[in-house]
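Enquirer: I'd like to ask you about the structure that follows.
In the working numbering, the protein residues as written are -4 to 494.
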C-alpha cells in the first residue's frame, strides 16, 4: 500500500468520526463499519469486498450506542477501516478480519478521550473570545479549530495505526498460514457471541426462542431478502399525529432563523463535544441566528445571551429538538433567564433518555440491518433503502421537533414523549429485531463457513447454536461480556496450538 492510501484511510476515519457537515446523518451511517468498510474498499480498489467485510464486522457492533460522552466496546468506524483493509490486502475472510479489527478498535476509545479533552480547551478559549466581544470566536472554536485538529489527528494517528496493523498482520500471515484458520474460527465464534449478547441486552422473555427458531429456519430455507424489510415497513406505518392547538405566530424571529439555527445544531452538535459542556457550546452556537435577530442593534446583549447558553447541555440531538424550538420561543417572548435555564435543564435529561431509546436503540439497528443484509445478499437496493430511511428519519424528526417546539411549546414536548413511548415501531421492536438479527447472523455464518471449505455447511452452522446457548446461559448468570470475549480468543489460541 502507498502512503497516499494510508492518508486516505485517515481521511475516511475523520469523515466517520467527525459526524459534522452531514446534518446528523453521518453518525448513523458513515460511523458504522458497513459504511467505513465500503469507503475503505473504494480507496483500495475493491468496494464489494470492503462492503461485505464491513457488514460482517457491523454485526458485532449492531448494538453500539454512545451516550453521555461515553464510547464503550470499541470504535465502530475504525473497526470497519482496519478489517476491510486487512481482508482486501491479505485475502482474509470477513470473520477473520473481525477477529483482528475488534481488539484494534479499542484504540479508538483512547483517541476519543483525547479529542474530548482537547475540545474542553477549545470551549474555554471560545468563551473567553465571546467575553472579549469577539462573536466570530464561536465559529473558530466550535468548527474550524476542532475540525482541523481532528482531521490532522485522524490522518496522522489513524494512518499510522493502519500502517502498523498492515505490516504486523502481513508478517504474521506470511509466517504461518494456520494463523488465518485461527482468525476465522475466532471471528465465527465472535459473531455467535454477539447474538447471545444482543439477545440478553434486549431483555425480552421470548428472545432465545425466537432467535433459535428463525436461525434454524434460515439455515434450511432460502428467504426472500426483501421479506423482513417489507414486514417491518408495514408494521411501522403509523398515522402522523397533528397537534390541534393553534400555532405560535412569529413576532421578531422569522422562519428562516429557525432553519439556520437547526442547520447549525444538526451539523455541529458534536463538532466541539467536551467533557465539561458536552453539547453546551453547540447549543450556544445554534442560538446565534436567533439572537442576531432579537438583538440586532445591541451587540453586548447578543453576546451575553450566547454566553448564557454555553452552560452544560446534553440531549438526544434529533428527538430532543423540541427543546430548542421551545427555548427559542421563550427567548423571543422575553422570559426570565432563570425560567429559561430551569426549563432547558429540566427537559434535556428526559428527552435524552427517550430519544436514545428511539434513534440509537430502534431506528439505527433496524436500518443498519437492512444495509448489512443487502451487503451479504448482494441485494444492494436494500442497503440504499436502509440508508435513505435513516437519513430521512434524522432530518424529519429533528426539523419537525425544532419547528413544533417553537409553534406549540410544551405540547410539542409532550407529543414527542408520547411518540417515543407509544409508536408502533418502538413497541414491536423486540420481535422485529430478534427475528432480523437471527436471520442475518445465520446468513453471515453460512457464507463464512462456506468460504473456509467445510463439507456440511448446514450442520456446522446449526452446531454453533451450542455456543449460543452456552453464552446465553453464562450472560444470564451475570458473567461479564469482557470475560467471554477474552475466552473466545483464548479458546482460539488453544485450538491453534494443539490442532
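We put the beta carbon where it would ideally sit given N, CA and C, even for glycine. Small disclaimer: the values here were computed from a predicted structure and weren't measured.
Run the CB neighbour count on residue 527, radius 10 Å, all protein chains shown included, and call it buried at 16 or more, exposed below.
Expert: An answer regarding residue 527 cannot be provided, because it is not within the stretch -4 to 494 covered by the chain.
Enquirer: So, does the stretch 281 to 295 touch the stretch 373 to 387, judging by three or more C-beta pairs under 8 Å?
Expert: No: the two stretches stay apart, fewer than three of their Cβ pairs being nearer than 8 Å.
Enquirer: Give, in chain order, every unbroken run of the alpha helix (DSSP H) that is at least 4 residues long and sits entirely within the stretch 93 to 125.
Expert: List check, alpha helix (DSSP H) in window: nothing returned.
Enquirer: Provide the residue span of the alpha helix (DSSP H) that contains residue 152, from first to last.
Expert: Run containing residue 152: none; DSSP gives neither H nor E here.
Enquirer: Can you give, in chain order, each stretch of the alpha helix (DSSP H) that sits fully within the stretch 265 to 337 and has at least 4 residues?
Expert: Within the stretch 265 to 337, the complete alpha helix (DSSP H) runs of at least 4 residues are 275 to 281, 283 to 289, 294 to 303 and 317 to 328.
Enquirer: When you compare only the Cα positions, how much space is there between residue 169 and residue 103?
Expert: Roughly 27 Å between the two C-alpha positions.
Enquirer: Would you call the stretch 133 to 144 and the stretch 118 to 125 touching, i.e. three or more CB-CB distances under 8 Å?
Expert: The stretch 133 to 144 vs the stretch 118 to 125: in contact.
Enquirer: Just curious, the alpha helix (DSSP H) that residue 199 is in, first and last residue?
Expert: Looking at the DSSP string, residue 199 is not in any alpha helix (DSSP H), and its letter there is neither H nor E.
Enquirer: Could you check what DSSP says for residue 456 in three-state terms: helix, strand or coil?
Expert: The answer is helix: DSSP assigns residue 456 an H, G or I state.
Enquirer: Please state if the CB of residue 141 and the CB of residue 266 are separated by a distance shorter than 8 Å.
Expert: Yes, Cβ-Cβ distance for residue 266 and residue 141 is below 8 Å.
Enquirer: Between the Cα of residue 90 and those of 463, 276, 470 and 436, spot the shortest distance and give me the residue it belongs to.
Expert: That would be 436, whose Cα lies nearest to the Cα of residue 90.
Enquirer: Can you find a C-beta in chain B that's less than 8 Å from the C-beta of residue 363?
Expert: Chain labels in this structure do not include chain B; a single protein chain is all it has.
Enquirer: Starting from the N-terminal side, write out each stretch of the alpha helix (DSSP H) that is 4 residues or longer and does not extend beyond the stretch 14 to 86.
Expert: Correct list: 28 to 38, 42 to 55 and 71 to 85.
Enquirer: Do residue 315 and residue 350 come within 8 Å of each other at the CB atom, strictly closer than that value?
Expert: A contact, by the Cβ cut-off of 8 Å.
Enquirer: In its own chain, which residues sit with a C-beta less than 6 Å from the C-beta of residue 269, not counting the 5 before and 5 after it?
Expert: The residues are 111, 114, 115 and 118.
Enquirer: Look up residue 245 in the DSSP assignment and say whether it is helix, strand or coil.
Expert: Coil.
Enquirer: Distance check for residue 347 and residue 354, CA to CA, integer angstroms please.
Expert: Spanning the two alpha carbons is a distance of roughly 10 Å.
Enquirer: Measure the Cβ-Cβ separation of residue 328 and residue 248 and say whether it is below 8 Å.
Expert: Not a contact, by the Cβ cut-off of 8 Å.
Enquirer: Just the C-alpha distance for residue 162 and residue 84, rounded to the nearest angstrom, thanks.
Expert: C-alpha separation (whole angstroms): 11 Å.
Enquirer: Below 8 Å, how does it come out for the stretch 141 to 158 and the stretch 390 to 403: are there three or more Cβ pairs, yes or no?
Expert: Contact between the stretch 141 to 158 and the stretch 390 to 403 is absent, because fewer than three Cβ pairs lie under 8 Å.
Enquirer: Quick check: residue 529 and residue 310, are their CB atoms within less than 8 Å of each other?
Expert: What is shown of the chain runs -4 to 494, which leaves residue 529 out entirely.
Enquirer: Report the CB separation of residue 242 from residue 397 in whole angstroms; it is logged as a contact under 8 Å.
Expert: So it is not a contact: roughly 14 Å between Cβ atoms.
Enquirer: So, at 7 Å on beta carbons, what are the nonlocal neighbours of residue 434 in its own chain, with the 5 sequence-adjacent residues on each side left out?
Expert: For residue 434, where only same-chain residues beyond five positions count, the Cβ hits under 7 Å are 209, 213, 218 and 223.
Enquirer: Compute the beta-carbon to beta-carbon distance between residue 466 and residue 360, rounded to the nearest angstrom, for a pair I have assumed lies under 8 Å.
Expert: Rounded, the Cβ-Cβ distance is 19 Å, inconsistent with contact.
Enquirer: Examine the Cβ distances between the stretch 12 to 19 and the stretch 44 to 55 and report whether three or more of them are shorter than 8 Å.
Expert: No, the stretch 12 to 19 does not touch the stretch 44 to 55.
Enquirer: Going straight from the alpha carbon of residue 407 to that of residue 290, what length do you get?
Expert: Looking at the two C-alpha atoms, the distance is approximately 26 Å.
Enquirer: Since residue 36 contacts residue 44 with CB under 8 Å, what's their CB separation in whole angstroms?
Expert: With 8 Å as the limit, residue 36 and residue 44 qualify as a contact, their Cβ atoms being about 6 Å apart.
Enquirer: So, is residue 313 buried or exposed, given that buried needs 16 or more other C-beta atoms within 10 angstroms?
Expert: Answer is buried; the Cβ neighbour count reaches 16.
Enquirer: For residue 237, which residues of its own chain have a beta-carbon under 8 Å away from its beta-carbon, when the five flanking residues on both sides are left out?
Expert: Contacts found: none.
Enquirer: What's the gap between the Cα of residue 66 and the Cα of residue 478?
Expert: The alpha-carbon atoms of residue 66 and residue 478 are separated by roughly 19 Å.
Enquirer: Find out if the Cβ-Cβ distance for the pair residue 335, residue 322 is shorter than 8 Å.
Expert: The answer is yes: Cβ separation under 8 Å.
Enquirer: Can you give me the C-alpha to C-alpha distance between residue 258 and residue 251, rounded to a whole angstrom?
Expert: Roughly 10 Å between the two C-alpha positions.
Enquirer: Any idea if residue 307 is buried or exposed, counting beta-carbon neighbours within 10 angstroms, 16 or more meaning buried?
Expert: So residue 307 ends up on the exposed side.
Enquirer: State the DSSP-derived secondary structure class of residue 382, mapped to helix, strand or coil.
Expert: Of the three classes helix, strand and coil, the one that applies to residue 382 here is helix, per DSSP.
Enquirer: For residue 431, which of 88, 375, 205 and 200 has the nearest alpha-carbon?
Expert: Here the closest residue by C-alpha is 205.
Enquirer: DSSP state of residue 474, grouped into three classes?
Expert: Residue 474 falls in the coil class under three-state DSSP.
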